[in-house]
Amino acid sequence: PVLLMMGIAGASNLKQGGVAAGQAWIDAYTGKCYHQTCDVIGPDWNLAGAVQDIDLIGTITDELAHSNRWPQWKPGSEFKAVRDKSAAARR
Numbered sequence: 030p031v032l033l034m035m036g037i038a039g040a041s042n043l044k045q046g047g048v049a050a051g052q053a054w055i056d057a058y059t060g061k062c063y064h065q066t067c068d069v070i071g072p073d074w075n076l077a078g079a080v081q082d083i084d085l086i087g088t089i090t091d092e093l094a095h096s097n098r099w100p101q102w103k104p105g106s107e108f109k110a111v112r113d114k115s116a117a118a119r120r
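If you count by this note's numbering, then the sequence shown holds residues 30 to 120, one letter each, in order.
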């Protein structure tokens, strides 16, 4: 549920049931169990999507860590000038 609520897992758009099913699950969970005694992982939870998201984030992180490519700031970003100044040190 944390991944869903943080939007890391693509918000509430579930592979099975779509946005309606995902939002219904979040609403029920946060309305009944979030920070309550029933706030536990249950055997009916399907975490396959969360595992896929975490695998993807890990793959992207690994590729960035072991390459010469660096994420870039969008033009106009207040941080782009700082990143550009340090570009030579990253080569």
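Think of the CB as a built atom: it goes at the ideal place given N, C-alpha and C, for glycine as much as any other residue.
Cβ neighbour criterion (16 or more within 10 Å) applied to residue i
{"i": "L93", "result": "exposed"}
{"i": "S115", "result": "exposed"}
{"i": "S106", "result": "exposed"}
Proximity to residue i [Cα-Cα], best of the options
{"i": "S96", "options": "R119, V48, A49 and Q52", "result": "R119"}
{"i": "A117", "options": "V80, R98 and P104", "result": "R98"}
{"i": "D73", "options": "Q65, Y58 and R112", "result": "Y58"}
Contact set for residue i: own chain, Cβ-Cβ below 6 Å, skip 5 residues either direction
{"i": "L43", "result": "A50 and G51"}
{"i": "K109", "result": "W102"}
Other residues of its chain near residue i: CB distance less than 8 Å, five sequence neighbours each side excluded
{"i": "T88", "result": "none"}
Sub-8 Å separation of residue i and residue j beta-carbons
{"i": "C62", "j": "D68", "result": "yes"}
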